[in-house]
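Using this note's numbering, the first residue of the sequence shown is number 786, and each one after it goes up by one.
No residue lacks a Cβ here, since even glycine has one placed at the ideal position from N, Cα and C.
See below for the structure under consideration.
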Amino acid sequence: MTVQLLDSFIVPKDTVSISGTTSSSIGYEKFSFATIKIFLFNPTIVLSIMSCGKVNVWIPHDEGARFKLDPTRHLDRRYAFHAGSTVHNGMWASAHPEGENNTDAVIVWDTSEMREVEALRTDGRVHSVEFDGKGHLVCATDKSVRCWRHVALRFEFLWVVEQSLRVHVSPLGAFAWSEKTGDS
Numbered sequence: 786m787t788v789q790l791l792d793s794f795i796v797p798k799d800t801v802s803i804s805g806t807t808s809s810s811i812g813y814e815k816f817s818f819a820t821i822k823i824f825l826f827n828p829t830i831v832l833s834i835m836s837c838g839k840v841n842v843w844i845p846h847d848e849g850a851r852f853k854l855d856p857t858r859h860l861d862r863r864y865a866f867h868a869g870s871t872v873h874n875g876m877w878a879s880a881h882p883e884g885e886n887n888t889d890a891v892i893v894w895d896t897s898e899m900r901e902v903e904a905l906r907t908d909g910r911v912h913s914v915e916f917d918g919k920g921h922l923v924c925a926t927d928k929s930v931r932c933w934r935h936v937a938l939r940f941e942f943l944w945v946v947e948q949s950l951r952v953h954v955s956p957l958g959a960f961a962w963s964e965k966t967g968d969s
């Protein structure tokens, strides 16, 4: 398979994360400004998350593979951002601080309207949150790994491993974890 650059565009320099559909490979480079590079498949949406918590939505331009900012779908709320998933079946999950006891909430968003679908509680600071290929949402915190499944427009809690682990999620539906070492 050959890798082909699909698009490249400039985003605000305080962009801290980018995300898109799982069918694409998105690169991110930081200069005095930030550049997003999109490779391989044709993603339907790209999200750029700024340090202040603002989320910009980028969609394919009507005239080809170029991307443009969607002025009707963005989040201007100022959430501190800790982690985000890829976009899966029109949903995106992001982790934000909640309360004063060093815990985060995972917010699941409907990317067609950028509206909040559900808020899921965690027991610590989120290191990663990701959908697997079957629609399960796997979240790793500094205290545990939790999994929810998407059923009938709701997220149902499935299981928890009460240990701080690094989680690797496959788009095919599998995941693996390993012990965390140091700050990684």
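For residue j and residue i, believed in contact at Cβ under 8 Å, the rounded distance
i: C924; j: R931; result: 5 Å
i: V911; j: D895; result: Actually they are not in contact, since the Cβ atoms of V911 and D895 sit about 20 Å apart, beyond 8 Å.
i: K928; j: E915; result: Contact doesn't hold; Cβ gap of about 18 Å is too wide.
i: S879; j: D917; result: That belief does not hold up - the Cβ atoms of S879 and D917 are roughly 17 Å apart, past 8 Å.
i: S804; j: T871; result: 6 Å
Straight-line Cα distance separating residue j from residue i
i: G838; j: I892; result: 13 Å
i: I795; j: F852; result: 10 Å
i: E898; j: R858; result: 6 Å
i: W944; j: G869; result: 20 Å
i: H846; j: L922; result: 30 Å
i: H953; j: W962; result: 6 Å
i: H873; j: V831; result: 12 Å
i: F940; j: P797; result: 33 Å
i: A959; j: F942; result: 17 Å
i: E885; j: A937; result: 32 Å
Bridge partner(s) assigned by DSSP for residue i
i: K853; result: I844
i: R939; result: V936
i: A771; result: The question about residue 771 has no answer, for the chain in this structure spans 786 to 969.
i: G805; result: V831
i: P882; result: D889
i: A959; result: DSSP lists no partner for A959.
Same chain, Cβ closer than 8 Å to residue i, five either side skipped, listed in chain order
i: V801; result: I834, M835, S836 and F866
i: G920; result: H873, N874, R934 and H935
i: P856; result: none
Beta-carbon proximity list for residue i, same chain, < 7 Å, skipping 5 on both sides
i: L854; result: N841 and W843
i: L950; result: A925, V930, W962, S963, E964 and K965
i: L860; result: K839, V840 and M899
i: D908; result: T888, T926, K928 and S929
i: T883; result: The question names Thr, but residue 883 is Glu in the sequence shown. Cβ neighbours of E883 beyond the five flanking positions: D889 and A890.
Closer than 8 Å: residue i CB and nearest the ligand FMN heavy atom
i: D889; result: Only the bare structure without any ligand can be found here, which leaves the ligand FMN out of the picture.
Spatial neighbours of residue i in its chain, beta-carbon cut-off 6 Å, leaving aside the 5 residues before and after
i: T829; result: T806
i: M876; result: V893
i: Y864; result: G838 and H881
i: D799; result: M835 and S836
i: S969; result: Interpretation of S969 is limited by its pLDDT of 47, a score under 50 that renders its predicted location unreliable; no figure is taken from the coordinates.
Note to self: With three or more C-beta pairs closer than 8 Å as the rule, is the segment 899 to 917 touching the segment 872 to 891?
What the structure shows: yes
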